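The structure appears right after this line, and notes come after that.
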Amino acid sequence: MQRLCTLNVNGETRTLAIEETDTLVDVLRDRLGLTGTKVGCDEGDCGACTVLIDGRPVLSCLTLALSVEGRAIETIEGVARDGRLHPLQEAFDAHGAAQCGFCTPGMILSAKALLEENQDPTADEIRHALSGNLCRCTGYGRIVEAVQIAAKRPAR
Amino acid sequence: MKIVGTSKPRVDGAAKVTGQARYADDLALPRMLHARILRSPHAHARIVAIDLAPARATPGVLAAIVGEDLPVAYGILPWTEDEYPLAIGRALYVGDGVAAVAAIDERTAIAACAAVRVEWEKLPAVLSPAEALAHPEIKVNEHAKDGNVSKQVDLSFGPVDENLERAAAVIEGEFHFEGTTHAALEPHCAVASWEPRGELTVWSSTQVPHYLHRALAKVLQLPEDRIRVVQPAVGGAFGGKSEPFDLEFCAAKLSMLTGRPVKIRYTREEVFYAHRGRHPMHMRFRTAADAEGKLLAVDSSILIDGGAHSSFGLVTTYYSGQLLGAPYELPAYRFHSTRVFTNKPACGPKRGHGSVQPRFAIECQLDELAERLEIDPIELRRRNAMGSDETTINGQRVGSNGFLQCLDAVERASGWKEKFGKLPRGRGLGVAGSTYISGTAYPIYPNEMPQSGVSVKLDRSGQVLVTSGVSEIGQGVETVLAYIAVEELGCELAAVRVITGDTLLCPVDLGAYSSRVTFMAGTAAIEACRAMRAHLVEAAAKALECDPSEIELAGGRASARGRELSFREVARLAESAKGTLVTAGGYRTRKVGGEYRGGSIGASPAYSFTAHVAEVSVDERSGVVTVENIWVAHDCGRALHPIHVMGQMEGSAYMGFGEALMESHTFHANGLHRGPSLLDYKLPTTLDTPAVHASIVEANEPGGPYGAKEVGEGPLHPSIPAIANAIHDAVGIRLRALPFSPDRVRAALLAKGGG
Amino acid sequence: MLPLPSCAVSFPETIEQALELLSRPGARVVAGGTDLLPNLKRGLGRPSALVSLARLSGLDAVARDEHELRVGARVTLAELARSSLLPASVRYAASLIASPQIRNVATIGGNLLLDTRCVYVNQSPLWREGLGHCLKADGTECHVVPTGKRCVAAASADLPPILVALGASVRVASKDGVRTIPVERLFSNDGAAPIALGPAELLVEVVIPRAPGTSSAYRKLRVRKAIDFPLLGVAVAVDAEGGLVRALRVVASCIGATPRKVSGLDSIAVGKPLDDATIEAVAERCHGALHPQTNIAADVGWRRAMIPLLVTEALHDVRDAVRTRGGDDGTA
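Chains as they are written, first to last, in the numbering used here: chain A, 1 to 156; chain B, 157 to 911; chain C, 912 to 1243.
Printed below as a string of structure tokens:
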């Protein structure tokens, strides 16, 4: 069964017809062209599909798209504003925290949610906040450091 | 140097941190169909009948194919072409593809696949090498010449038996390496588009676009000049994307049948069935030394579980012995390695192809030797270190060699002298060393053409375009190529664009495997850029009325005698004087390796060196091992981009750590994978992964680009034995089977009577 | 892509609407969805309709009076882990579940009603077809206990052991009204149908008694420090007075289809101080009483050997509280 669904993604309102059981990640990627959200497992184990719902990181592969109507959905495409990178994006780029880049969008969104709650997290707090985001390239050290560097930047 | 040795943001970095980088599954073409592959639920079964009619009758289905529709065998090595895109007659492992269906969307394709009716006749399956050797009548791979033997190598160098005889100490042991897999975060995906002029384009998450190009031509029986392979951004590979896979052939064939683009993306489960990961090996090793700890001989016998296909297995079998000749001076060694076909997904090259497993064995035995002879384990390794510009007993020419500096670096950084053997019970340090190749001397298929080509185009805009068929898989090769352009041409980094991995637009490069990329594509890029530079220097000298030798190209300017021109002006002058500006460079391997059958395998133009010290704590009640720290020092020749070099070292150490403690790619007795998911296959999380402390050692390699050697794979090798040796230092047990899971650790402690 | 099966999804805004929707045959509740949706993606369960609690008003608060704590069924695991009203052991157990992203949406109700797990079940349709379908999903045999007639898929949630140990109960709504049952009665001993609730019932609230003399702790065994389900979960609760044990409960998950409460501990511990001898005797008794199955992917002998270790560690956690204050329910 198809149903009309209105989503607020990165501040834009989009209405489209979807299957009632379509997951958010499939709607974002395949219907809205927001391919920055990645699918690494599609069953909730890897964190590559992490998006923010009302500022909190959730797995878009385990989220029914209909269930987040009316909520603020933020994907990696919404993190840079006015053509300027977010401090996390700058720090990930400058510090070698992205290699293949496939975990990066989810990693940055988990980190962004952390920094909005805690402006000066310890390495341990960062590791806990990112513990649901698997990375296969870096060994995580540079990611943790990049989050710390970004935290020290003055807020834009 | 202008830029080499600095760490600028990677050229593909901004795209990656903003989600704009386009991976294969991010591509969508007009009219595109989705296809799915139906797979065997049985480890070994005859396909008695297969009925596609119900699938074809499903509304929205446009085409369906079976194995017989793609009847040409292929294989990454031309000597062992032993697989088909879809099973013909028999399925050889759980997950073997048997049919593919293309439909208007993926849900429809999945439903149609489920509607295909397959009548199976289950056949006896062999799941272990021992079983496969005992039952040659259960033939797994019809292309095997001798029962289920995939490849056997016997090589002997120096007086092995005599040296074993006269040794002061001989360590004997059996080691078991369970399989592990790459588990790159991006599942494989391919999009194929058959175009009306009779041309095929395939976008694929491959790390070998050139080999894929050749295989597509062969299997689809199309001329190579009608095929274009494009490799978009790749979300990690680690060797797991270094062969053609069923999805590329099936997408292409279905596109040819329907005249529409077709996408196939693997589920995570399918990635585990595609596999090509690290081979399980059962290894018997004897390592002998004299009373001073100088190595006299190594004697090894290795049984290798290959899975159902050859993959790179011929090379794997050689690598299991050929890379033991360094970093230690070894006067005699022999190896007897046998790779066997079994009814499981094929094993292949994973980061540190074929040599991580024997490195585990030998480095553990060196530790035992040190204990037996009462020599510090680092000192024992120092005493045996081979020098630079030497040839190993099996004929491999080692140029630069920073192994001793690596040992020094980890000894110092870890506080080894204060800590080894002196930490409280339950805590310990272990060391291990290794070497690895910087590319293989010979291409996978014999030919006299360059292994790597790079072209440089410059025009009046001042924009530099560098193209190469090489694969960017996250290791940073596009940044390396851009660095070389900046270094040689003096332009700004922002003025350089790099296109890689497109077989139509780019000169051929063989791909991202065997740690060849920086060394070979880098060398080719320097050649191409220097040819371009000559045009610029000549034009600038004429304009600035000086000798070409006086021209300095740097910072987006040409200058001499206090006068300067912008890079763009120089480009315009050069284009005016020389015409259209395109230059090219190539890398050809000089002849290296031993003069015997197999002597070229493991022969490389340059070798990297690594040393690790791991610090662990062991909870003796539970058997849980925690790795607290890993210090890794790696000789990469010159570090072109230090952050990327350290990133490769850290990532390698992490991957080895995961293999040591928790990763296990294993199967139930019926051939079902024990956990084909990222829940059950344990990639370490942020909370599990230890602090990794990387030190770069630079032993300049004259043959490498600005002196560089490899860093992508070498630093993984010592991870496992360093952790094993640290566990011994902590609690006095020798673990010889991977992974070092708490049940095994606890059992070993109980057996020793210490638990 | 692992598509979910097509079915209707509704979003009731009141409990009454939810109960009405649930009264239709085959309807399933989805709260956080982090357990149900992966299972549905793997073809485990074929609901006729999903009733999402995403827009339900209420059931999302933690409240306390002098006798009890009341936790709405929709309170997320992240909120539980943060809530200063709750016993530290419950907060800790919640903080160990899965990953931060999952804890942000998974609920206390969902964790209590988590489906049982088995290495032979939590697999794809292809995989299960290769093995042969089993008691829990579409088949008649058991691959764990080949002669078994009842499914032994393991209770694998982290909260039930601690909530059972604390004597918590749940309030369950249906068209007939609201009933209260102890958490330990929420589970059936059949892994194929592990929740002893009617299809049209809705778990609305968890009630934890406030017991100033009670101290509790939880221990979880797993391979990784995040993401993983427990290989073993052990909760202890000790009621004490004057430094002596009045009652002692140990509840373990990952043993069988229900969380297992170890019997016979009163005779070992009651009236005694929680000293090494008592702890050892309790751990020994638990070791003898709990027999893990082979359907969880870790060596079964090792898991069994870890039982007394986890029990001992958990009892060490509460020992000081028992000795000095007689008890500490961990609430602020």
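Just so it is clear, CB atoms sit at the ideal spot from N, CA and C, and this is done for glycine as well. These numbers were taken from a predicted model, which means no experiment stands behind them.
Exercise. Mind checking if C/S1080 is an interface residue toward chain A, Cβ cutoff 8 angstroms exclusive?
Worked result: Locating residue 1080 of chain C in the third sequence gives position 169, counting from the first residue. Answer no: the Cβ-Cβ gap between C/S1080 and chain A never drops below 8 angstroms.
Problem set entry | Any alpha helix (DSSP H) of 4 or more consecutive residues that is wholly inside the region 511-550 of chain B | 512-529 and 533-540
Exercise. DSSP on C/T1027, reduced to helix/strand/coil?
Worked result: As a first step, residue 1027 of chain C must be located in the third sequence, where it is residue number 116. Coil at C/T1027, not helix or strand.
Problem set entry | Spatial neighbours of B/Q561 in its chain, beta-carbon cut-off 6 angstroms, leaving aside the 5 residues before and after | The residue labelled residue 561 of chain B in the question sits at position 405 within the second sequence. So the qualifying residues of the chain are V853.
Problem set entry | Element boundaries [alpha helix (DSSP H), containing A/E69] | The residue labelled residue 69 of chain A in the question sits at position 69 within the first sequence. No alpha helix (DSSP H) holds A/E69; DSSP gives it neither H nor E.
For this session: Establish whether the CB of A/G96 and some CB of chain C are separated by less than 8 angstroms.
Result: By 1-based counting over the first sequence, the position of residue 96 of chain A is 96. No, because no Cβ of chain C sits closer than 8 angstroms to the Cβ of A/G96.
Exercise. What in chain C is Cβ-close to B/G831, meaning under 7 angstroms?
Worked result: The residue given as residue 831 of chain B occupies position 675 in the second sequence. Per Cβ cutoff of 7 angstroms: A1208.
Problem set entry | C-alpha gap between A/C41 and C/Q928, whole angstroms | The count along the first sequence starts at 1 and reaches residue 41 of chain A at position 41. The count along the third sequence starts at 1 and reaches residue 928 of chain C at position 17. When rounded, the distance between both Cα atoms is 35 angstroms.
Problem set entry | 8 angstroms Cβ cutoff, B/D844 in contact with chain C | Position 688 of the second sequence holds residue 844 of chain B. Yes, contact with chain C.
For this session: Tell me, please, which residues DSSP counts as bridged to A/T15.
Result: Taking the first residue of the first sequence as position 1, residue 15 of chain A is located at position 15. Paired residues: A/T6.
For this session: State the DSSP-derived secondary structure class of B/V296, mapped to helix, strand or coil.
Result: To locate residue 296 of chain B, count along the second sequence from 1; it is residue 140. Coil at B/V296, not helix or strand.
Exercise. Counting contacts by CB-CB distance shorter than 8 angstroms, is B/V173 in contact with chain C?
Worked result: Counting from one through the second sequence, the residue named residue 173 of chain B turns up at place 17. No, because no Cβ of chain C sits closer than 8 angstroms to the Cβ of B/V173.
Exercise. Near B/R744, what residues of its chain come up, given a Cβ to Cβ distance below 6 angstroms and the 5 sequence neighbours on each side ignored?
Worked result: For the purposes of this step, residue 744 of chain B is identified with residue 588 of the second sequence, where counting begins at 1. Contacts found: P606.
For this session: Express the C-alpha separation of B/I203 and B/E277 in angstroms, rounding to a whole number.
Result: Numbered from 1 along the second sequence, position 121 holds the residue referred to as residue 277 of chain B. Numbered from 1 along the second sequence, position 47 holds the residue referred to as residue 203 of chain B. Using only the alpha carbons, I get a separation of about 7 angstroms.
Problem set entry | Span separating the alpha-carbon of A/C137 from that of C/L1113 | Within the first sequence, numbered from 1, the residue matching residue 137 of chain A stands at position 137. Within the third sequence, numbered from 1, the residue matching residue 1113 of chain C stands at position 202. Approximately 44 angstroms between the Cα atoms of the pair.
For this session: Identify the contact partners of A/M1 in chain C, using a Cβ-Cβ distance below 9 angstroms as the criterion.
Result: Working through the first sequence from its first residue, we reach residue 1 of chain A at position 1. Chain C residues near A/M1: S917, C918, A919 and V920.
Problem set entry | Reference B/K613, options B/K734, B/E524, B/T498 and B/L311, closest by Cα | Translated into positions along the second sequence, residue 613 of chain B becomes position 457. Among B/K734, B/E524, B/T498 and B/L311, the Cα nearest to that of B/K613 is on B/K734.
For this session: Could you name the residues of chain C that A/T6 contacts, counting a contact when the two beta carbons are closer than 8 angstroms?
Result: Against the first sequence, residue 6 of chain A aligns to sequence position 6. Within 8 angstroms Cβ-Cβ: nothing; A/T6 doesn't reach chain C, min ~13 angstroms.
For this session: Please check the pair B/I789 and B/V566, which I expect to be a contact at CB under 8 angstroms, by giving their CB distance rounded to whole angstroms.
Result: Residue mapping note: residue 789 of chain B aligns to position 633 of the second sequence, counting from 1. Residue mapping note: residue 566 of chain B aligns to position 410 of the second sequence, counting from 1. Just to set this straight, residue 789 of chain B is Ala in the shown sequence, not Ile. Yes, B/A789 and B/V566 are in contact; Cβ-Cβ is about 5 angstroms, under 8 angstroms.
Problem set entry | 6 angstroms CB neighbourhood of B/A256 in its chain, flanking five on each side removed | Here residue 256 of chain B is taken as the residue at index 100 of the second sequence, counted from 1. Result list for B/A256: A191, I193, I221 and C406, in chain order.
Exercise. Does any residue of chain B bring its CB to less than 8 angstroms from the CB of A/A17?
Worked result: Walking along the first sequence from the start, residue 17 of chain A turns up at place 17. No, no contact with chain B.
For this session: Name the residue from B/V636, B/E237, B/A219 and B/A300 whose alpha carbon lies nearest to the alpha carbon of B/A265.
Result: Start at 1 with the first residue of the second sequence, and residue 265 of chain B comes out as number 109. The shortest C-alpha separation from B/A265 is found at B/A219.
For this session: Leaving aside the five residues before and after B/A651 along the sequence, list all residues of the same chain whose C-beta is less than 8 angstroms from its C-beta, in chain order.
Result: Within the second sequence, the letter at position 495 stands for residue 651 of chain B. G618, Q619, V620, G712 and F723.
Problem set entry | Proximal residues to C/P1244 (C-beta, below 7 angstroms), its chain only, five neighbours per side dropped | The first residue shown for chain C is 912 and the last is 1243, placing residue 1244 of chain C beyond what the model contains.
Exercise. Shorter than 8 angstroms from the beta carbon of B/S778 to some beta carbon of chain C?
Worked result: To locate residue 778 of chain B, count along the second sequence from 1; it is residue 622. Yes, B/S778 counts as interfacial toward chain C.
Exercise. Just to confirm, are B/L637 and B/V654 a CB contact at a threshold of 8 angstroms?
Worked result: Position 481 of the second sequence, counted from the first residue, corresponds to residue 637 of chain B. Position 498 of the second sequence, counted from the first residue, corresponds to residue 654 of chain B. Yes. Within cutoff.
Exercise. Are B/R537 and B/G589 close, meaning C-beta to C-beta below 8 angstroms?
Worked result: Your numbering for residue 537 of chain B matches position 381 in the second sequence. Your numbering for residue 589 of chain B matches position 433 in the second sequence. Their beta carbons are under 8 angstroms apart, which means B/R537 touches B/G589 by this criterion.
Problem set entry | Local Cβ density within 10 Å of A/Q2, reported as buried at 16 or more and exposed below that | Residue mapping note: residue 2 of chain A aligns to position 2 of the first sequence, counting from 1. So A/Q2 ends up on the exposed side.
For this session: Could you check the C-alpha separation between C/S1067 and C/D1026 for me, to the nearest Å?
Result: The residue labelled residue 1067 of chain C in the question sits at position 156 within the third sequence. The residue labelled residue 1026 of chain C in the question sits at position 115 within the third sequence. So the two alpha carbons sit approximately 8 angstroms from each other.
Exercise. Apart from the five residues just before and just after B/V916, which ones in its own chain have a Cβ nearer than 6 angstroms to its Cβ?
Worked result: The displayed coordinates of chain B run from 157 to 911. Any statement about residue 916 of chain B would go beyond what the structure contains.
Problem set entry | Chain-ordered neighbours of B/A690 on chain A, where CB pairs are closer than 7 angstroms | Taking the second sequence and counting its residues from 1, the one referred to as residue 690 of chain B is at position 534. Per Cβ cutoff of 7 angstroms: no residues; B/A690 is ~34 angstroms from chain A at best.
Exercise. Between C/T945 and chain A, is there a C-beta pair that is closer than 8 angstroms?
Worked result: Within the third sequence, residue 945 of chain C is the residue found at index 34, counting from 1. C/T945 counts as touching chain A.
Problem set entry | Straight-line gap, C/A1225 to C/P1071 (C-alpha atoms, nearest Å) | Taking the third sequence and counting its residues from 1, one reaches residue 1225 of chain C at position 314. Taking the third sequence and counting its residues from 1, one reaches residue 1071 of chain C at position 160. C-alpha separation (whole angstroms): 16 angstroms.
Exercise. Going by other Cβ atoms of all chains shown within 10 Å of its Cβ, with 16 needed for buried, is B/A907 buried or exposed?
Worked result: Along the second sequence, one-based indexing puts residue 907 of chain B at 751. Exposed: under 16 other Cβ atoms inside 10 Å.
For this session: Say whether chain B places a C-beta atom closer than 8 angstroms to the C-beta of C/L913.
Result: Sequence index remark: in the third sequence, residue 913 of chain C carries index 2 (1-based). It does: the Cβ of C/L913 has a partner Cβ on chain B nearer than 8 angstroms.
Exercise. Under 8 angstroms Cβ-Cβ, which residues of chain A neighbour C/V1162?
Worked result: Reading the third sequence from its first residue, position 251 is the one you call residue 1162 of chain C. Those within 8 angstroms of C/V1162 in chain A number zero; the least Cβ separation is about 26 angstroms.
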